[in-house]
Every structure is written in C-alpha cells, then in structure tokens.
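The sequence shown: position 313 = 614 (my numbering), numbered continuously. Note sheet for the following structure.
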Amino acid sequence: MSLLLKEIDGILAREIPLAAPYERKDPSGLLRMVFLLPFGHAYSLMCNGPMSLYDLINRSPDIPAVAERALQYDCLIREGNRLTTPDAEPFRSIESPLPVNDADVVGVSVVNSGDLHSVLRLLDLAGIPRRTADRMPGVHPMVIGGNSGLADPEPLADYLDVVAIGEAERSLPELLRIVHAQRSQPGAGVSLHERIALVPGLYVPSMYACDFLPGGGVRTIRPTKPTVPSAVHAQYLDLGDVHPAHFTYPVTDGTAAGLHPVVGCRHTCGFCNLGVPPFRQAPLEMLTAYVDRLEELKVRKIIISAPTFTQYRHRRELLEHIHTYAQRAADEGEKVTTIIGSIRADEISADYLDTVTELGDFGHLFTELNLSQARGIITIAPEWATPDLVAMYGKTQTRERVDKAIDLCRASRHINTIMLYFIVGAPGEHPEDRLAIADYARDVRQRLGHPDGSVIVKLHQFMPKPGTPSQRLRMADPDMVKKYGDQIRDRLRTLVGAEAFEEHYRVLYGETSRMHLEVVCSRGDRRIGRVLEDLYDAGVDLKNLTKDQIVEALAKHGLVYDRHLRHMDDPVLPWQILNHVNRDAEMRLADSLSRREARS
Numbered sequence: 302m303s304l305l306l307k308e309i310d311g312i313l314a315r316e317i318p319l320a321a322p323y324e325r326k327d328p329s330g331l332l333r334m335v336f337l338l339p340f341g342h343a344y345s346l347m348c349n350g351p352m353s354l355y356d357l358i359n360r361s362p363d364i365p366a367v368a369e370r371a372l373q374y375d376c377l378i379r380e381g382n383r384l385t386t387p388d389a390e391p392f393r394s395i396e397s398p399l400p401v402n403d404a405d406v407v408g409v410s411v412v413n414s415g416d417l418h419s420v421l422r423l424l425d426l427a428g429i430p431r432r433t434a435d436r437m438p439g440v441h442p443m444v445i446g447g448n449s450g451l452a453d454p455e456p457l458a459d460y461l462d463v464v465a466i467g468e469a470e471r472s473l474p475e476l477l478r479i480v481h482a483q484r485s486q487p488g489a490g491v492s493l494h495e496r497i498a499l500v501p502g503l504y505v506p507s508m509y510a511c512d513f514l515p516g517g518g519v520r521t522i523r524p525t526k527p528t529v530p531s532a533v534h535a536q537y538l539d540l541g542d543v544h545p546a547h548f549t550y551p552v553t554d555g556t557a558a559g560l561h562p563v564v565g566c567r568h569t570c571g572f573c574n575l576g577v578p579p580f581r582q583a584p585l586e587m588l589t590a591y592v593d594r595l596e597e598l599k600v601r602k603i604i605i606s607a608p609t610f611t612q613y614r615h616r617r618e619l620l621e622h623i624h625t626y627a628q629r630a631a632d633e634g635e636k637v638t639t640i641i642g643s644i645r646a647d648e649i650s651a652d653y654l655d656t657v658t659e660l661g662d663f664g665h666l667f668t669e670l671n672l673s674q675a676r677g678i679i680t681i682a683p684e685w686a687t688p689d690l691v692a693m694y695g696k697t698q699t700r701e702r703v704d705k706a707i708d709l710c711r712a713s714r715h716i717n718t719i720m721l722y723f724i725v726g727a728p729g730e731h732p733e734d735r736l737a738i739a740d741y742a743r744d745v746r747q748r749l750g751h752p753d754g755s756v757i758v759k760l761h762q763f764m765p766k767p768g769t770p771s772q773r774l775r776m777a778d779p780d781m782v783k784k785y786g787d788q789i790r791d792r793l794r795t796l797v798g799a800e801a802f803e804e805h806y807r808v809l810y811g812e813t814s815r816m817h818l819e820v821v822c823s824r825g826d827r828r829i830g831r832v833l834e835d836l837y838d839a840g841v842d843l844k845n846l847t848k849d850q851i852v853e854a855l856a857k858h859g860l861v862y863d864r865h866l867r868h869m870d871d872p873v874l875p876w877q878i879l880n881h882v883n884r885d886a887e888m889r890l891a892d893s894l895s896r897r898e899a900r901s
C-alpha cells in the first residue's frame, strides 16, 4: 500500500462523526465534489465553511452529488512552491479514495487574500489545468472558490470557474443541480457557465469582460451576455435555514472539536467585514447537545471560534455547561481545555470573566496556535490609541470601556495577560498616534495591577477590505509597518525600562511578505493572477517575498505596485460586480480622515 493510501486509512480510522447520522448515498449517477483544503488533517476539520457544505451535500438526498475531501497530507513532498505526492501517484480524496482530477467539481476556500497562490498549488497537485480556458467541460472538474480571501475575486478570475459570494448553502446545491442536469440534458444554445451565472450569489468571471487601466485597475467591467446580471449580491441565510454544521464542527479527530455560537457581528466598524453578514445566534440546545456528544466521546479540547462570542445571548449557560463537563472529566483525572476566540472589551462583564475563569484551563485561539504563552489571557482590540480615530472608523471600544474591562480583569485575579490589537498606517494617522500605542500598553499593565501581569501588543497593517466603507482608502506600505513597529517597541521599552519590557511586554508585527501579496491581491484586477503565476512558477519564495520582487513581477504585466496602495477614487472598482457599499458613506469617511490628516 502506498504512503498516501496508508495516511488516508489512518485519517479514516481516527475520524468520528459528531453530527446526527445519515444514510450514505449511492454515488453512481451522482456528481462527485471534492473540497481541496490547504491544511493538515487536524486543522482542516476547523475549516467550518467547507466542512459544513461537505456535511450538507452528503446528508441531503435532493442534492445530486456526494462530497469528499483532499488535504495537505503529511506524506506530500514540498519542492519549492509545489507539493507532489510520493512516488508520483495521483492526489486522492479521503472518502473514495479516487484521484481528485476525476471529480466533477472541486471547491477551494481562501481565507486570506495573501494566500491566493495556494489555489495554484492545489490545482497543480491535483493535476487540474489552472486556467478556466484550459479546462474542458466533462473532462476536467469545474473549480469553485469561496470565503473571505476572495472578497476581491478578480486576481483569480481566469482560474476559477465560479466564486460563491456570501454563504453557499443555497447557491452551491443549485450549482450542483445545474451541472448534473447539464450532463444528461445539455441546454440548447446556453452554456453551462451562463446558466450558473443566473444563480443568486454565484459570480462567474468568464461571463464578464474588463477594460483595463494602465498600471492597474479597470475602466469598465460588464456582462458578455444580455442574460447575465450586471451585479452579484452576496447570499445570507435566515437562522432557520442555516445548516447545523455551520455552527458546529461535524467531524472530530478525537482530540478537539469546535463551535461557532454566532455568525456575524452586531457592530459595523468601517474597516471590518465581520458586520457584513446578518447577526445570527445558534440555539443553546444545539450547542449543549453538541458538548454532551463531545463528553461522550471524551473529546477534551473545545474551540469556541466565533470572534464575537461575547455577543452570544446564552454565553453564560454554554460556558457553565462546558464547566460541568470539565468537572466530571477532572473527577476522572483528565483535563478539558476551552479555547475562546477574541472578544470585545465593551462586552466584557464580571459575570463573563467569572464564568470563563471557572472553566479552569482556558485560553485564546491566537495564543493557543501561535504563542508559547500561559493561559489566563484576554484579547482586546482598541485598534487605535487616539479616541477620535477610534470614533472616525466606527469603533465602539472607547478608552473608558477598555479601562472598565481592565478593572474587571484586575478584580478577577485570574487574568494576568492582556493582548491588545492595534492597526497602524491608517489614513488620518499621525506619528504621535502610533507612538501613543506604547503609552496605552504601559497604562493597561499598570491598571491591570498584577505583579506578574503582561501585555502583548499585536500590530496590524491597515488593510482596506472590499465590501466595507474603507475599501477605497489608502493603505500603508508593509515595509513602513515594520518601521512603525520598531518605533512603538522602542518607545515602550523606554517608557517602562528594559528589564520590565523584557519580562512583561511583547510587541508582535511583521509578516511583510504576506502583506505585500495582500496589497495587490486584495484590490487588484485580473492581471494579478498572471503575476502570481509568474512568481509561483519562477520558484520565488512566497513566504519571504520582498517588495522589489513583486514590483518587478508586476512591471512585466504593465502593473504598478503603488497604484494598489493609493486611495482608489476610480469610478469603477475591480470588484465592481460585487460592490454594494454606499458611496456616500465611503466619501464621508474619506473626507473626515483627510481633514484630520491635514491638521498639523
């Protein structure tokens, strides 16, 4: 047996379904859809978007398809940017395990625009032609993309047949029905892509033509057929229509499982897309029953990955239910760990902190995955240290609210570390605003009041996101962000002294390679895909990409890096087909920030 098949057998042996059982479909006569996940097995189970769709397809008799998965298996061989299988055998899915390139449809999920090149890697690994124009219907799989990394899908417009916008629980099944019907009864005079383009929430790039501007951007983007819509609207579901696996991981490897108590956010900050989908909350009974299932299976790590968990109406009851499970496990000599996503300072209460700390062993998701840091940590995202910048960007976490949260942490005695998220390089910002982050961090630790208290400062580049009121604003050059980070770190060290700084503070920033890719991928046009392909094929290390390298690669296609940094005042955005942001709101935000920036 090959190394790949042995690994697949091992995966199947340790996987345990967590959702209600369902009758397996007979795959004969049905489509085969394979979700390509760019992670190892354990982390792939946390990809709730693809995993919920996988579960939905397989348990729905009216969807004419079976869903499978293919992962970044441990046995794969990395050669520069590429992955290959041992002994050059086909890349296989877990469930069949048939070659991936024999599927009818494959799905790729991109969480971050700086990782768009992972799609090229996965298609190469599977032996699927990269570009839509090179794939033949009925011979090669149809390739569908989704998730937040494709908020601007244009860089991969020549590589993806379809992009699902918003939640795909309705649009993907409809696509599968169309593909299945087309296979048996081709539509006369109407192409498959044209039929799919009529489905709400599905963007079919090949059905639109672009007129490009010199250096980057588009003059126009328009449908190529009169039946194709001039705009594509993101689709979101009512609570009653949300598939349960949208809220709870449907499969575990026996070590960890997770849940999403809420989808969306009650707040609509000008720079954040969490508030774009409508806010919905999972029924408490669904989540407590899920925790009971985890206890039955002795799954000892529970991940609450919703970034707005403090907005969940039944958070206390849920945490108490987990705590009761943890106590029973402790009586058996075992420990239950609860990992909680980030929370908002203005939603922290004494009741919440008491309930969380009663869990015993808890932590924050970022800490669990990225830091060798003791638990007992609360994450707060003021974003800016200057009050009027906080207000201008629509953030509600005022200094008074943060101070109140720190007071509650001090009183709890169980919280000894505060992680502070800040954005640097935003329009409207002055140098003194950035340096004030150091003062803010010092003040937070002083207010926390614990001798062993620590503060972690996490700095992020201002990255305007398509679909938000800030989408047209100027973004900072990632190389400048490193300079800003050095300045903030040095000021904090000066304020508190070298010894205290080393013992009680951390300032985290960097990731400039991925940020350079995000600059062009988050707001670029279709030509960016060819740039990514050039870099990928040339073997350029995309994890350590320099600005010079990407500037040179862009120039070969007549593109200019700085055009992607600028304020985008073009009448038409590259993602115009998907753009539904209120233009007046964009202009009001830009004007207020411009006036502030002009003040000396």
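Note that beta-carbon positions come from the ideal geometry of N, C-alpha and C, so glycine has one too. What you are looking at is a predicted structure, and each value in this text was computed from that prediction instead of being measured.
*Classify Glu635 as buried or exposed, calling it buried when 16 or more other Cβ atoms lie within 10 Å of its own Cβ.*
Burial call: exposed.
*Complete runs of the beta strand (DSSP E) confined to the region 666–751 [at least 3 residues]*: 678–684, 718–725
*Report the residue from Glu701, Ile640, Thr687 whose alpha carbon sits nearest the alpha carbon of Ile679.*
Ile640
*Using CA coordinates, which residue listed in Met764, Ala727, Glu701 is at the minimum distance from Tyr741?*
Glu701
*asked:* Just to confirm my understanding: we take Arg748, look at its own chain, exclude 5 residues before and 5 after, and list those with CB closer than 6 Å. What are they?
replied: Ile707
*Return the CA-CA distance between Tyr355 and Arg478, expressed in angstroms with no decimal places.*
15 Å
*Are the beta-carbon atoms of Ile445 and Gly408 separated by less than 8 Å?*
yes
*asked:* For the alpha helix (DSSP H) containing Ala801, name the first residue and the last one.
replied: 799–805
*Contact set for Ile757: own chain, Cβ-Cβ below 6 Å, skip 5 residues either direction*: Excluding residues within five positions, the ones whose Cβ falls inside 6 Å are Met720, Arg807.
_Once DSSP output is grouped into helix, strand and coil, what is the label at Val505?_
coil
*Under 8 Å between C-beta atoms of Val552 and Pro318*: Taking 8 Å as the Cβ cut-off, Val552 and Pro318 qualify as a contacting pair.
_Of the residues Tyr810, Lys766, Val335, the one placed nearest Thr569, counting alpha carbons only_ = Checking every option, the nearest Cα to that of Thr569 belongs to Lys766.
*Just the C-alpha distance for Val463 and Leu417, rounded to the nearest angstrom, thanks.*
15 Å
_With a threshold of 7 Å (Cβ to nearest heavy atom), would Ala452 be considered close to the ligand SAM?_
The ligand SAM is not among the ligands present in this structure, which contains no ligands whatsoever.
*Please confirm whether Leu332 and His494 have their CB atoms less than 8 Å apart.*
For Leu332 and His494, no; Cβs fall outside 8 Å.
*Going by the CB atoms, is the gap between His881 and Leu774 shorter than 8 Å?*
In this structure, Leu774 sits away from His881, with a CB-CB distance that is not shorter than 8 Å.
*asked:* Please classify Gly786 as buried or exposed, where buried requires at least 16 other C-beta atoms within 10 Å of its C-beta.
replied: Classified as buried, Gly786 has 16 or more neighbouring CB atoms from the shown chains inside 10 Å of its CB.
*Please name the residue in Leu796, Ala498, Ile851, Tyr550 whose C-alpha comes closest to that of Ser345.*
Tyr550
_Residues that DSSP places opposite Ser755 in a beta bridge_ = Answer is Thr718.
*Just the Cα atoms here: how many angstroms apart are Glu455 and Asn717?*
45 Å
*How many angstroms separate the CA atom of Asn883 from the CA atom of Ser771?*
11 Å
_Once the 5 residues before and after Ala320 are set aside, which same chain residues still bring their CB inside 7 Å of it?_
Asp356, Pro545, Ala546, Pro551
_Distance, Met776 Cα to Tyr837 Cα_ = Straight-line measurement puts the Cα of Met776 at about 25 Å from the Cα of Tyr837.
*Do you know offhand how far Phe580's Cα is from Leu874's?*
Phe580 and Leu874: Cα-Cα distance of roughly 27 Å.
*Taking Leu306 as the reference, give the member of Val861, Tyr374, Val745, Glu633 with the closest Cα.*
Tyr374
*Assign Pro752 to buried or exposed, taking buried as 16 or more other Cβ atoms, counted over all protein chains shown, within 10 Å of its Cβ.*
When all chains shown are included, Pro752 counts as exposed.
*Verify whether the separation of the beta carbon atoms of Pro524 and Tyr509 is less than 8 Å.*
Yes, Cβ-Cβ distance for Pro524 and Tyr509 is below 8 Å.
_Proximal residues to Arg889 (C-beta, below 7 Å), its chain only, five neighbours per side dropped_ = none
*Where do the ends of the alpha helix (DSSP H) carrying Ile878 lie?*
Careful: Ile878 lies outside any alpha helix (DSSP H) and carries neither H nor E.
*Tell me which same chain residues have a C-beta within less than 7 Å of the C-beta of Tyr537, skipping the five on either side of it?*
Gly467, Glu468, Pro578, Pro579
*Contacts around Val745, its chain only, beta-carbon distance under 7 Å, and the 5 residues preceding and following it disregarded*: Ile707, Ile719, Leu721, Val756
*For the region 341–401, list the beta strand (DSSP E) runs that are entirely contained and at least 3 residues long, ordered along the chain.*
366–371, 378–380, 383–385
*Sorted by chain position, which residues of the same chain lie with C-beta nearer than 7 Å to Met764's C-beta, five sequence neighbours on each side aside?*
Met776, Glu819, Ser823
*Within the same chain, show all residues whose beta-carbon is closer than 8 Å to that of Leu595, passing over the 5 residues directly before and after it, in chain order.*
Leu319, Thr553, Ala558, Ile603, Tyr626
*In terms of DSSP beta bridges, what is Thr549 paired with?*
Leu560
*asked:* In the DSSP output, which residue or residues are listed as bridge partners for Met443?
replied: In the DSSP output, where bridge partners are listed per residue, Met443 has Val406.
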